[in-house]
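Residue numbers (my numbering): 11 to 194.
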């Protein structure tokens, strides 16, 4: 069996060592900021994914979802906090103790659009990301743990799930591809 904690630790180390986009105050709460003042030119913050021992909101979130996230993703969100950030074509929803803009926070963002959320959850899909660049289509774990893109309009207009793409067969595969420098 794969050691997900070791894989996630390596992923976090690589993300933190890589150049990252600076974030506004509302996107980077104090718990994930680097330093005590924002960038002097843009007024934005550098940030890190940080180890956090008191992630006490995950069990309540999963109870509300009536299902657990895949073990590999759980290894990330149960042990680390982070702002919303891009990873190749994906933008991860934030996992912070303060909460960021509720649309971009994992524990609130997946419920923000009640109709979309209900359609996803009724069909066994768990959102954890969006496409990088601001697209509204949810990126989800399907009932088997694969990562898929879902057309939001199919749910909102037709009450149907339309998978637009399979991104990875698992979260662990997505992370392994990132570690090798392959994003698609």
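Backbone N, C-alpha and C fix where the C-beta goes; we use that ideal spot for every residue, glycine too.
Taking a C-beta distance under 9 Å as the contact criterion, residue 79 and residue 87 qualify as a contact pair. Collapsing the DSSP output to three states places residue 27 in a helix. Annotation: residue 44 to residue 93 spans about 12 Å, alpha carbon to alpha carbon.
The straight-line gap separating the alpha-carbon atoms of residue 81 and residue 74 is approximately 17 Å. Assigned with DSSP and collapsed to three states, residue 44 falls in coil, not helix or strand. Counting only runs of at least 3 residues, the stretch 88-172 fully encloses the following beta strand (DSSP E) elements, listed from N- to C-terminal order: 95-97, 100-102, 136-141, 149-151, 157-160. DSSP, reduced to helix, strand and coil, places residue 61 within a strand of the structure shown. For residue 176, DSSP records a beta bridge to 158.
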